[in-house]
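Going down the list, the protein sequences come from chains H and L. The opening position of the first sequence corresponds to residue 1 in UniProt numbering, with each subsequent residue numbered one higher. The opening position of the second sequence corresponds to residue 1 in UniProt numbering, with each subsequent residue numbered one higher. First comes the structure, then the notes that go with it.
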Amino acid sequence: MGHDSGSSAGAGVESLSLDLLAHALAGVRDPRDRKSCRLASRAFARAEAASRRAARVLRREALPRALRAFPALSSLDLSACAGLDDASLAAALPVRLARASGVGWRGLEALVAACPRLEAVDLSHCVAAGDREMAALAAAGLRELVMDKCLGITDVGLAKVAVGCPGLQRLSVKWCREISDIGVKLLAKKCPELRSVDISYLKVTNESLRSVSTLEKLEDIAMVSCLFIDDDGLQMLSMCNSLQSIDVSRCHHVSSLGLASLIDSQRFLRKINAAHSLHEIETCVLSKLSTIGETLTVLRLDGLEIFASNLQAIGSTCKNLVEIGLSKCNGVTDDGIVSLVAHCCDLRTIDVTCCHLLTNGALAAIAENCRKIECLRLESCPFISEKGLEPIATLCSHLKEVDLTDCRINDAALQHLASCSELLILKLGLCSSISDEGLVYISSNCGKLVELDLYRCSAITDDGLAAVASGCKKIRMLNLCYCTQITDAGLKHVSALEELTNLELRCLVRITGIGITSIALGCTSLIELDLKRCYSVDDAGLWALSRYSQNLRQLTITYCQVTGLGLCHLLGSLRCLQDVKMVHLSWVSIEGFEMALRAACGRLKKLKLLGGLRSVLSTELLQMLLACGCRVRWVDKPLVYEG
Amino acid sequence: MDLSQNHIHNQSAANLYYQFGSDNSFPGLGTQQQFPPFTSPFGASPSTNIPHMDWNPATMLDNLTFIEEKIRQVKDVIHTMVDSGGQLSCHQGEIAQKKQVVNADLTCLIVQLISTAGSLLPSLKNSSFLRHPAAGHMDMANHVGPSSGLVPNAMTVSEENKEDMCSPEDYEELFKGWTDGTIKEGIEIGNVLVEEQDMKDGDEGKDGENLPPGSCELLQLEKDEILAPHTHFCSICGKGFKRDANLRMHMRGHGDEYKSPAALAKPPRDASAEHELVKRYSCPFVSCKRNKLHKNFQPLKTILCVKNHYKRSHCEKSYTCSRCHTKKFSVMADLKTHEKHCGRDKWLCSCGTSFSRKDKLFAHVALFQGHTPALPSEEPKTCSDQISHAGSHQESTKVPNSMGSSFMWGASSGDNNALDIKGFDGCNDDFLSTANFGSFNLSFGPADGFTGEPSGGSFSMLPSEHFQSA
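See below:
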């Protein structure tokens, strides 16, 4: 769409006002299409410059330019920005800093000072962030703050935020293991506006829930794997009756009784996640479900003992269910699914992963009742065959995601599925009977496919890839691991997928540097590439990658036949590269590693190296890596050639 | 305790038994070691000491006659035991009974002997130490003595009195006092004085026995006694000690005679106290609630309580914490306890208040608008537990510089700076603390100087100036 408007109406566009153009641009969602627009006409470029509100910066150098170019930015995603440091942050905006391990409190202070309107910050996975960073942020009076896995944050940091941001509405402190009841108590006292709280994986007890229950506006609470919380805590939480979403998954001390007492006081509950917490769902919960039967849309009961009668009760009370999760539930049978879907015709997502007893009958019932189904996860349901998928494919035209991993389906099943033209995600891992023929069916009609997983589909050859590449141009994620018949010719086809971002080629022993070169030339958007155990890939491949794959962020070259020279060149030139796994590079000398790592120092965030190198590499280098926020995983696996 | 007492009792009894020589059935290496101190008073003391003393010969003669008579009685009993032992037909119970009689009589003898000998010594003549107990035991002995002629009666009586007499323990105590007394120096021995105090208490306790049961013995130490820093003094050099055990260890340096097990043994004072009435103490400070004249009088339980109470309540708080310079104490132990925790108030509020516990800080923060928990570096004024030494202080200042400003989170941020500023404070504290220590030493100066004077004699001047001013 963007391409057409840009190329055909070059002159006419100039006469339109910026507002109109901006309005038109708002309809263009794909960033590549937007880019086409910008290139086609200066008017579009001006319009976008004036109206653009969100930006995702990939490289540090681009940040100041981006900020100058888009003065109206209200949201900035720096999570992919390599080597971000305090200096870069001096002038920024509502920020997503996820995984920006190089950002310290000085930068955040400058950020807060520069952006008086800053409202939302995402610091998730900034593992080194601590209380001082929180103190810097607290001055901003934020409304939203995500600090998942900021390991250094303690109660003091939380208190800083609580006191500094009284208007806080959404807070996630997942994985901040130092935060305790005391901090949560103060938070609840100081931030009465809180609507969403995530205290997952904290070592908090029922006392925290007692504090949280005083939040009158609380709608959404997640407490995944809070092992010290039990039924009493849920009983206390029932004090607040405006809850819309509860996540008690993996809270092993929560039982049906506690959940029932919590549900009982709620009227607006939309979402319950009780996965892996209750042992089984008892009648007390089922009977209370009726009070929220009208509002409940999402119910996840993964890992519980669920019988047909339970599913029938759920189906008859919660008629508006949109999503149900039953993955790894023992006792789920065709009868249960039939009685569940009989009343829930709005279901869009059904997760029955590892429900080993299900057969084609269940699929038939789903197809018959849930015409709006969009996502069907059927991994490891071994009795499912093409006969079950046929009604699904014919009746459920909205199907977008199907997971058939390990389902022993064949090409005929894919022939049926091909009629689902809306299909975006198709996972066929471990379906070893799938051949090129099946891929031809899929590529003939599923042009919107974004993700295709062919893990260990060992019958796939280059011809199948040729079909996929010609039919499914939108594919972004492609997994071809252990499809050992694939050669450089196949990769040549794959290189036609311009939007490809994630490509996994693990253990493709036949591909060489030539194939990688074609990938690097064609797939310029590539972000993640896995070449582990591609024994024939050599320096030529790395040269091509270092020259053309400027967006590459994650790379695995373990067991590749590369030398120090290639490695140096690769690490020295790829400016977005953050995560490199390079174990067992037998042809790379110690000096090679040393040089290569020095070249990339400051950008890398994660490294996986052979344990033996730890004592050989210079301590200065290791300290430098550490100081730049890079974490090194030392691996002590023996050198084993497979495949 | 009881077991060990019995053991001591039996051992000493067996000892005497052996010593009197009629039967060798209880020999033992352990007991033989105790001979020298035992034999010497028997043999030497009456004759050698007589010329020096102003003593009453009539009393002495009476005593010796009594002892003679007593020895004869014991010998008789033992003779019968030897005879019946040869026949092997006697009942076990009968032998046991006779042994008890012998024990009682021998104990009586020893007490008599020692009191007789002890009264000859000039240094102890006027002290109540030997006079009172000697008199007490004399009464006992006299009471037992005549009736012991009839074996069954003697047995019952001695059993009745055994509890009160506590013969072995009392004996050891007396004996210890006696050996102390033989030290030639004419110094008034602090140790003895203290024991005199104790014995006086014991006398009061004996008097208290006439009082209705359940009532406790009430004592009131005087201010000087309470505040005396040392209560045990070496009779030779005059050095003062807080603990008798330390004094005994010290005495070893004055000669081999103080190295004997008996001299080093702990005087079993507590054991004898067990049988006495519960003691309670009154504070000498009139109008104090702990004073016996107070209408809601609440007594103190031990002498230590008295000391601590008096110092805490009625004395100046002269010990200042060297860290915070604000907290003052009158009891050294209180200061030390405080110093352990002083500066541990690591939970700081932005308002400068510090707390020892996180929950207290958070409760405070919750209560006041705008207050937040302070990060360590934010409050340079407040004192914190990580008062670093000068070395670490300098190191910590170097670290941030070397790290550069744009580096990662943890390494250069936070803690080092915190240490930096705290380190500065720490130095300050150290400086002041040494100054304080100087004054602290000064305050103890007079007391130390005093103990050096051998003839000071009384405790009334012992307390240092600030105590008296209290």
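A virtual CB, placed ideally from N, CA and C, is assigned to each residue, including glycine.
The CB of Lys185/H comes closer than 8 angstroms to the CB of Phe362 and Ala366 in chain L, given here in chain order. His584/H is not a Cβ neighbour of Trp543/H, given a cutoff of 8 angstroms.
Setting aside the 5 residues that flank it on each side, Ala412/H is surrounded in the same chain by Glu386, each with a C-beta closer than 6 angstroms to its C-beta; the list follows chain order. Going by DSSP, Thr349/H is part of the beta strand (DSSP E) stretching over Thr349 to Asp351. For Trp634/H, the enclosing beta strand (DSSP E) has its first and last residue at Arg631 to Val635. Per DSSP, Tyr201/H is not a residue of any alpha helix (DSSP H), being assigned neither H nor E.
Against Thr372/L, the close residues of chain H are Ala135, Ala138, Val156, Ala159, Lys160, Ala162, Val163 and Gly164, in the order they occur along the chain (beta-carbon pairs closer than 9 angstroms). Between the C-alpha atoms of Ile392/H and Cys431/H there is a straight-line separation of about 19 angstroms.
The C-beta distance from Thr501/H to Ile519/H rounds to 12 angstroms, too long to meet the 8 angstroms contact threshold. Taken atom to atom, the span from the alpha-carbon of Ile442/H to that of Ile475/H is near 12 angstroms. The residue among Asp247/H, Cys226/H and Asp403/H with its C-alpha nearest the C-alpha of Ile425/H is Asp403/H. For Lys189/H, the closest Cβ of chain L is nearer than 8 angstroms.
By alpha-carbon distance to Ser282/L, the top candidate from Ala265/L, Lys301/L and Lys266/L is Lys301/L. According to DSSP, residue pairing for His250/L in a beta bridge does not occur. Considered as a whole, the stretch 232-275 of chain H harbours 256-264 as its complete alpha helix (DSSP H) runs of no fewer than 4 residues, in chain order. Taking 7 angstroms as the upper bound on Cβ-Cβ separation, chain H lies near residues Lys358 and Asp359 of the stretch 344-360 of chain L. Taking a Cβ-Cβ threshold of 7 angstroms, the residues of chain L close to Ile182/H are Lys358, Asp359 and Phe362, in chain order. In this structure, the alpha-carbon of Glu323/H lies about 48 angstroms from that of Met624/H. Following the DSSP letters along the chain, one finds Ala262/L inside the alpha helix (DSSP H) bounded by residues Pro261 to Leu264. Counting along the chain, Ser380/H sits inside no beta strand (DSSP E), nor does DSSP assign it H or E at all. Residue burial annotation: Thr337/L is exposed, with fewer than 16 other C-beta atoms found within 10 angstroms of its C-beta.
Between Cys370/H and Leu347/H, the C-beta gap is smaller than 8 angstroms, which places the two residues in contact.
According to DSSP, residue pairing for His232/L in a beta bridge involves Phe241/L.
Nearest to Ile236/L by alpha-carbon distance, out of Leu227/L, Pro229/L, Tyr258/L and Asp224/L, is Tyr258/L. Ranked by Cα distance from Lys70/L, the options Leu106/L, Lys98/L, Glu94/L and Met81/L are led by Leu106/L. Across the set Arg52/H, Gly12/H, Leu39/H and Arg46/H, the C-alpha of Arg52/H shows the shortest separation from the C-alpha of Arg29/H.
Nearest neighbour of Asp198/H by Cα position, chosen from Ile221/H, Cys240/H, Leu299/H and Arg32/H, turns out to be Ile221/H. If you check the CB distance, Glu144/H and Gln169/H come in under 8 angstroms. Under the 8 angstroms Cβ criterion, the stretch 318-334 of chain L does not count as touching the stretch 145-159 of chain H, having fewer than three qualifying pairs.
For a cut-off of 8 angstroms, the C-beta gap from Gly564/H to Ser589/H is around 5 angstroms, short enough to register as a contact.
The alpha carbon of Gln100/L has as its nearest neighbour, out of Val77/L, Thr372/L and Val82/L, the alpha carbon of Val77/L. Assigned with DSSP and collapsed to three states, Tyr281/L falls in strand. In its chain, beyond the 5 residues on either side, Met624, Leu625 and Cys628 have a beta carbon closer than 7 angstroms to the beta carbon of Cys601/H. In this model, Ala188/H and Ser196/H are separated by some 12 angstroms (Cα to Cα). Collapsing the DSSP output to three states places Met60/L in a helix.
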